[in-house]
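Participant:
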Amino acid sequence: SLPAAVKIIEVGPRDGLQNEPQTIPANVKIELVDRLSQAGFVNVEAASFVSPKWVPQMATSTDVMAGITRRPGTIYSALVPNMKGFEGALAAGVDEVVIFAAASEAFSQRNINCSIAESVERFRDVARAAKENNMRLRGALSCAFGCPYQGEVTADSVADVTMQLRDLGCDEIDIADTIGVATPRHVQTIMQRAASVFPIDCLSGHFHDTYGQALANIYASLEVGITIYHASVAGLGGCPYAKGATGNVATEDVLYLMQGLGIETGIDLDAVVDAGQFISAQLGRKPASRAGNAIAAK
Ligand code: HMG
Ligand code: MG
């Protein structure tokens, strides 16, 4: 049977916006984050303390964190690649630090300029500092289902890096389809493998929708007991180091699915549709959410 409730992490302000070529002012990002927290998300990925030379769009992260109105009960998370990023995140009052590794050696090099083993060494200090400061620690695992640079990624490497993130003390681990290539049976195999080394209720599905499989992959993950999902309002996004990859699955579509399945999310779908309209208007385009556009057209 499917779970009665799921947690949805809204990643639009980070994963969604990080790859936008036009500079988005901090006040627009702040309004987006605030609209999302008010819609009821218990976790909003709001920022990224990475090198501005690598990801210029995230250079406003300190301003964004300073400008938002904190909703009690919402965890604000941010990506942190190293101790320099950690200092920024700590000063900005981030609640949850996200260290991000890859199941693919080639992607690790392109994305964070080091090997998987080197990244785990860097994350050791970040993880310790996060714990010392009573911050939550999440680990993201990119390319768990395929890599744009090396192609195939094995279940063994997923399990191996999941164990390394676990041993760093991660409270939650994201199994990510960075380039949206996975299909449902593959997803179930990988999720079950990850769940053999980390508690299943602390594993999440992070699906990009490049090949239109994300909702099917979420349903497949529900069937094997995954209860945390990442989604991006209006389907915003893409990773700058995964060429051609589109945004995350649209939050509105995920909420519509959950509603239909009778699965509790605690999130106001109409408010998310409005937030999607807001940010898409700022970007000068139509939201990439099927459900969102259908609801807005009513
Ligand atoms: P590097 O060039 O090897 O780092 O980059 P470095 O330590 O040699 O430093 C180079 C310069 O960057 C120095 O400045 C540092 O101070 C600065 P300079 O002396 O030249 O003026 N620097 C920083 N500045 C600000 N904040 C920092 C920071 N660190 C160094 N934290 C590094 C290594 C990891 C920093 C770089 O590769 C980087 O920032 N990568 C980020 C890549 C990224 O953000 N990718 C997208 C997010 S991952 C993703 O989207 C996947 C996910 O959604 C899941 C999925 O879908 O798979 C999570
Ligand atoms: Mg992503």
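If you read the sequence shown in full-length UniProt numbering, its first letter stands for residue 4, the second for the next number, and so on. For glycine and all other residues, C-beta sits at the position ideal for the given N, C-alpha and C. All values reported here derive from a predicted model rather than from experimental measurement.
When you compare only the Cα positions, how much space is there between residue 110 and residue 61?
Facilitator: 20 Å
Participant: Can you give, in chain order, each stretch of the alpha helix (DSSP H) that sits fully within the stretch 150 to 230 and has at least 4 residues?
Facilitator: 158 to 170, 187 to 198 and 217 to 226
Participant: What do you reckon, are the CB atoms on residue 106 and residue 64 nearer than 8 Å?
Facilitator: no
Participant: For the candidate residues 172, 232, 50 and 57, whose alpha-carbon lies nearest to that of residue 116?
Facilitator: 57
Participant: What are the start and end residues of the beta strand (DSSP E) that includes residue 141?
Facilitator: 139 to 145
Participant: Out of curiosity, what's the CA-to-CA distance linking residue 43 and residue 245?
Facilitator: 30 Å
Participant: Just to confirm the assignment, what range does the beta strand (DSSP E) spanning residue 82 have?
Facilitator: 78 to 82
Participant: Under a Cβ-count criterion, where at least 16 other Cβ atoms within 10 Å of its own Cβ denotes burial, should residue 253 be classed as buried or exposed?
Facilitator: By the neighbour-count definition (other C-beta atoms within 10 Å, threshold 16), residue 253 is a buried residue.
Participant: Count the other CB atoms, across all protein chains shown, that sit within 10 Å of the CB of residue 87; report buried if there are 16 or more and exposed otherwise.
Facilitator: exposed
Participant: Using the Cα positions of residue 167 and residue 144, report the straight-line distance between them to the nearest angstrom.
Facilitator: 11 Å
Participant: What runs of the beta strand (DSSP E), each 3 residues or longer, lie entirely inside the stretch 67 to 131?
Facilitator: Runs of the beta strand (DSSP E) inside the stretch 67 to 131: 78 to 82 and 99 to 105.
Participant: Which residues in the same chain have their Cβ closer than 6 Å to the Cβ of residue 298, if we skip the five residues on either side of it in sequence?
Facilitator: The answer, listed in chain order, is 276.
Participant: Would the beta-carbon of residue 211 be found less than 7 Å away from any heavy atom of the ligand HMG?
Facilitator: yes
Participant: Below 8 Å on the Cβ atoms is my contact criterion, and I expect residue 20 with residue 239 to pass it. Report the Cβ-Cβ distance as a whole number of Å.
Facilitator: The Cβ separation is near 6 Å, so the contact holds.
Participant: Pick helix, strand or coil for residue 232, following the three-state DSSP scheme.
Facilitator: strand
Participant: Here's a check: name, in chain order, each residue in its chain whose Cβ is nearer than 7 Å to the Cβ of residue 136, leaving out the five neighbours to either side.
Facilitator: 93
Participant: DSSP on residue 22, reduced to helix/strand/coil?
Facilitator: coil
Participant: I'd like the span of the beta strand (DSSP E) that includes residue 47, first residue to last.
Facilitator: 46 to 51
Participant: Out of 267, 292, 270 and 172, point me to the one whose CA is closest to residue 279's CA.
Facilitator: 292
Participant: Am I right that residue 5 and residue 270 are in contact with their C-beta atoms under 8 Å? What's the rounded C-beta distance?
Facilitator: Contact between residue 5 and residue 270 does not hold, since their C-beta atoms are separated by about 17 Å, which reaches or exceeds 8 Å.
Participant: Which of helix, strand or coil does DSSP assign to residue 251?
Facilitator: strand
Participant: Using DSSP's beta-bridge definition, name the partner residues of residue 10.
Facilitator: 231
Participant: Cutting at 7 Å between CB atoms, please list the residues of its own chain near residue 147, excluding the five before and the five after it.
Facilitator: 106, 156, 161, 178, 179, 180 and 193
Participant: Does the beta-carbon of residue 1, which I'm using as the reference point, lie nearer than 7 Å to any heavy atom of the ligand MG?
Facilitator: Examination of residue 1 is not possible in this model, given that the chain is present from 4 through 301 alone.
Participant: Using only alpha-carbon positions, find the residue among 228, 125 and 174 that is nearest to residue 85.
Facilitator: 125
Participant: From this set, 45, 215, 47 and 71, which residue's C-alpha is nearest residue 31's C-alpha?
Facilitator: 71
Participant: Residue 34 lies in the alpha helix (DSSP H); which residues open and close that run?
Facilitator: 29 to 42
Participant: Alpha helix (DSSP H) containing residue 287: first to last residue?
Facilitator: Segment: none, residue 287 is in no alpha helix (DSSP H) and carries neither H nor E.
Participant: Just to confirm before moving on: does the CB-CB distance between residue 132 and residue 89 stay below 8 Å?
Facilitator: yes
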